[in-house]
Structure formats: C-alpha cells, structure tokens
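Chemist: Before anything else, here's the structure in question.
In this note's numbering, the protein residues as written are 437 to 674.
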C-alpha cells in the first residue's frame, strides 16, 4: 500500500475518532465536528477500499502485505462502529421533533431558558410535521398505564434517571416532567417533556415529546428515545 494511502487512511480514521470527542468536550463546534466526521468517514472508506484491493492483488513484499493488513484492520475497527450506527438510519425523514400527541403536543417550560439562542425552535410545526411523523413512525402513540398519575410520575422519573437523563422539572400538580438526554457519540442534547393526564379513576395517559436542540434531521433518535421510554414505563407498570 502506498504512503499516500497510508496517510489518507490515518488522517481519515483520526478524523472519525476525533470529531465526536471534540463535540462532546466542546473543543469543536457541532457543525465543524459533523463536517469533520463526514469528511473523515468518506476519506477512510475510500482509502480502506483501495487498501483492500491492494492486499487482494498481493502487491508488495510479504512484510508490506502484513503491515497493510494490520493497518486496514485497525482502521476498519474504528470506522465500523459509527458506520453501523448511521447506515440503519439512512432514509429517515429530516425531522427532529417527535411526539405521541401531534394534535396537542406537550409544551416545554423550564427547559426553554436553558436551550440557548441557537437551538431549534420549540414551536410545533403543525399538520405537515404530524403527517411526516405518522408515515415514518406510526407506532409512536400515547400510552395508557393502569396506575394513578402520581405513581406514573414517580415511575417516569425513575425510568428517566435509569436512562441517564438529566431531570430538569418534576411537577406533581401538573403531572409533568422535563429532562435532557445527551447522545452518546457527539454529545448532542435533546429535550424531553412527559405529560400525564388521568383516564377514569385509576389510569393515566402518558404523552411524550422529544426534540433535538441542533440539526434538521435526527436520524430517528427522538422516535427511538420515546419508544424506549414507553417500553420501559410499560414494563414498570405491569
């Protein structure tokens, strides 16, 4: 494998590894980190493909072949995890605000003051967004739990804490909770509102809204977050 390809492989792999770290630590702005990650991934994949062809064609000495195989294996190990995370999300709609109640979505309260001026707006974008969500995530629906609201609120807080969310507000009088979830790779902050309403004497309707602070599309993250939360709440209430 030529020195140029080795260099490209090293640079690309380093960019893929450094971009999420830079974003999580605040050393890189989110836009820069995403651009660096995308560029690094493309460069790495190109150099990786060319390197594999070079090895398969058995060019160079046996020592060069072995060194190339080791370098390619290490690079593939770094690239495969983020690539495997991203590829299944290809085709998800470019939306970042998901809710179980598209007619009357839960409203945020205390989180408004801590989101920052550059965050996505919290105003719900109406029928167009609702239609897109229903087409992409038809399973995101309200949940009815056979427990009174005060118990469900305690359960909701426990689930959120188990997930590592940062609790911002818990209001028993309103049956309301706000929390922030920080994503694993880039440290993106997504905000969650949980609204509880009584149904009959001993049941509670649970509505959840999850919205990203940054970006036009969330690659399905907010729907996955709501789905996971409701599944855990169902298990806790059974």
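Ideal Cβ positions, reconstructed from N, Cα and C, are used throughout, including at glycine.
The structure displayed is predicted, hence computed values, not measured ones.
1) Do you know whose CA, among 587, 541, 468, 622, lies nearest residue 640's CA?
2) With H, G and I counted as helix, E and B as strand and the rest as coil, what does DSSP make of residue 517?
3) Do you know how far the Cα of residue 516 is from the Cα of residue 584?
4) Let's see if you can read the secondary structure: which residues bound the beta strand (DSSP E) around residue 613?
5) Could you check where the beta strand (DSSP E) with residue 598 kicks off and where it finishes?
6) Tell me the DSSP secondary structure of residue 541 in three-state form.
7) By the three-class DSSP mapping on this structure, what secondary structure does residue 561 have?
8) Quick check: what's the CA-CA separation for residue 659 versus residue 652?
9) With residue 535 as the anchor, note down where its beta strand (DSSP E) starts and where it stops.
10) Is the shortest distance between the beta-carbon of residue 624 and the beta-carbons of chain D less than 8 Å?
11) When DSSP labels each residue in this structure, what does residue 463 get in the three-state scheme?
Modeler: Taking the structure as given:
1) 587
2) helix
3) 45 Å
4) 612 to 618
5) Counting along the chain, residue 598 falls outside any beta strand (DSSP E), though it belongs to the alpha helix (DSSP H) covering 585 to 598.
6) coil
7) coil
8) 14 Å
9) 533 to 535
10) The structure shown contains no chain D; it holds only a single protein chain.
11) coil
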